[in-house]
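Here is the structure we will look at, set down as structure tokens.
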Amino acid sequence: MTSISMLVTFRSGGCMEKQKGSSCHICKMALLVLVLVIIMGGCATRNQVLWHKTAAVHSANIVPGVEAEEAAAKIVVRVRGQGLAPEEGSPARRRYNAERAAVLDGYRQLSERIAGFILDSYTMSGEGDMSHDRIVAETRAYVRGAQIMEVAYAEGMATAEMRVFLAPRTSIFQWDGRIANR
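Numbers in the working numbering are just positions in the sequence shown, counted from 1, shifted up by 63.
Here it is, written out as structure tokens:
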């Protein structure tokens with residue numbers, strides 16, 4: 064058995080390796096590998112997904128927080144909310160209230176489409192006439208990621224176009240303070 068004794072010392076001039084029949088080639092390669100690891104380590108993605116087989120060229124395929132390939136598998140729910148301007152107030156205040164009502168109507172419609180609604184009706188009648196009729200519709204949903212695409216106002220009526228992206232077969236909604244999957 065032959066044992067190779069190697070003594071490596073670092074001086075200000077660089078690496079001095081004393082070995083029989085060898086040069087400083089190993090130290091140069093080790094230094095090169097170390098430099099490459101440091102340089103390429105800066106190219107790490109840090110938990111970002113950087114894979115695209117096809118480019119997303121259509122604006123409808125661009126979904127914030129969703130990869131282009133996954134966007135085709137998402138369900139898009141679109142609604143149009145409407146709001147009327149009040150009869151009193153300044154023109155700016157009337158427009159603001161109408162646009163606010165349109166956006167809130169859009170959120171209500173999204174809630175109804177995602178989680179459904181409960182319809183409660185009560186009718187009181189007697190002697191051939193209806194004396195009291197009450198119908199209450201209620202919806203509760205946790206709507207996350209809804210986007211207001213456009214708000215338009217014309218002649219006292221505001222409309223708000225809204226959309227939300229959902230994963231197939233997964234609807235998360237909130238009922239009485241509990242979050243559940245359906």
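C-beta atoms are modelled at their ideal positions from N, C-alpha and C, and glycine is treated no differently. It should be emphasised that the depicted structure is a prediction, and the values quoted were computed from it without experimental measurement.
1. If you follow the alpha helix (DSSP H) that Glu-175 is in, where does it begin and where does it stop?
2. Between the C-alpha atoms of Gln-172 and Glu-224, what's the straight-line distance to the nearest angstrom?
3. At which residues does the beta strand (DSSP E) containing Arg-143 begin and terminate?
4. Whose C-beta lies closer than 6 angstroms to the C-beta of Ala-164 among residues of the same chain, with five residues either side of it excluded?
5. Looking at the secondary structure, which residues open and close the beta strand (DSSP E) in which Ala-223 lies?
6. Helix or strand or just coil, what does DSSP make of Val-96?
7. Measuring only the C-alpha atoms, how far is Leu-182 from Glu-150?
8. Pull up the DSSP beta-bridge partners for Met-187, would you.
9. Excluding the 5 residues preceding and the 5 following Arg-226 in the sequence, name in chain order all residues of the same chain whose CB lies nearer than 8 angstroms to its CB.
10. Could you check whether Tyr-216 and Arg-176 sit closer than 8 angstroms to each other, using their CB atoms as the reference points?
11. Taking the straight line between their C-alpha atoms, what separation do you get for Ile-101 and Leu-95?
12. Based on the DSSP secondary-structure assignment, which residues constitute the bridge partners of Val-214?
13. Note down the Cα distance separating Ala-200 from Met-103, rounded to an integer number of angstroms.
14. Quick test of your reading: Gly-219 and Ala-161, contact by CB under 8 angstroms. State the CB separation rounded to the nearest angstrom.
Let me lay it out:
1. To locate residue 175, count along the sequence shown from 1; it is residue 112. Note, Glu-175: alpha helix (DSSP H), 154 to 178.
2. Taking the first residue of the sequence shown as 1, we reach residue 172 at position 109. Taking the first residue of the sequence shown as 1, we reach residue 224 at position 161. Between Gln-172 and Glu-224, the C-alpha separation is close to 11 angstroms.
3. Start at 1 with the first residue of the sequence shown, and residue 143 comes out as number 80. Its beta strand (DSSP E) spans residues 138 to 147.
4. As a first step, residue 164 is located in the sequence shown; it is residue number 101 there, counting from the start. Cβ within range, chain order: Gly-146.
5. As a working note, residue 223 is residue 160 in the sequence shown. Counting along the chain, the beta strand (DSSP E) containing Ala-223 begins and ends at 220 to 229.
6. The residue given as residue 96 occupies position 33 in the sequence shown. In the structure shown, Val-96 sits in a helix (DSSP, three-state: H, G or I).
7. Here residue 182 refers to the residue found at position 119 when the sequence shown is read from its first residue. Here residue 150 refers to the residue found at position 87 when the sequence shown is read from its first residue. Straight-line Cα distance between these residues: approximately 31 angstroms.
8. Within the sequence shown, residue 187 is the residue found at index 124, counting from 1. Paired residue(s): His-195.
9. Within the sequence shown, numbered from 1, the residue matching residue 226 stands at position 163. Result list for Arg-226: Val-139, Val-140, Arg-141, Val-142, Ala-209, Gln-210, Met-212, in chain order.
10. By 1-based counting over the sequence shown, the position of residue 176 is 113. By 1-based counting over the sequence shown, the position of residue 216 is 153. The Cβ-Cβ distance between Arg-176 and Tyr-216 does not fall below 8 angstroms.
11. Reading the sequence shown from its first residue, position 38 is the one you call residue 101. Reading the sequence shown from its first residue, position 32 is the one you call residue 95. Those two C-alpha atoms are separated by around 10 angstroms.
12. Position 151 of the sequence shown, counting from 1, holds the residue named residue 214. DSSP output for Val-214 lists Ala-223 as bridge partner(s).
13. On the sequence shown, position 137 is the one that residue 200 refers to. On the sequence shown, position 40 is the one that residue 103 refers to. Distance between the alpha carbons of Ala-200 and Met-103: 59 angstroms.
14. Locating residue 219 in the sequence shown gives position 156, where the first residue counts as 1. Locating residue 161 in the sequence shown gives position 98, where the first residue counts as 1. Indeed they touch by this definition, with Cβ atoms about 7 angstroms apart.
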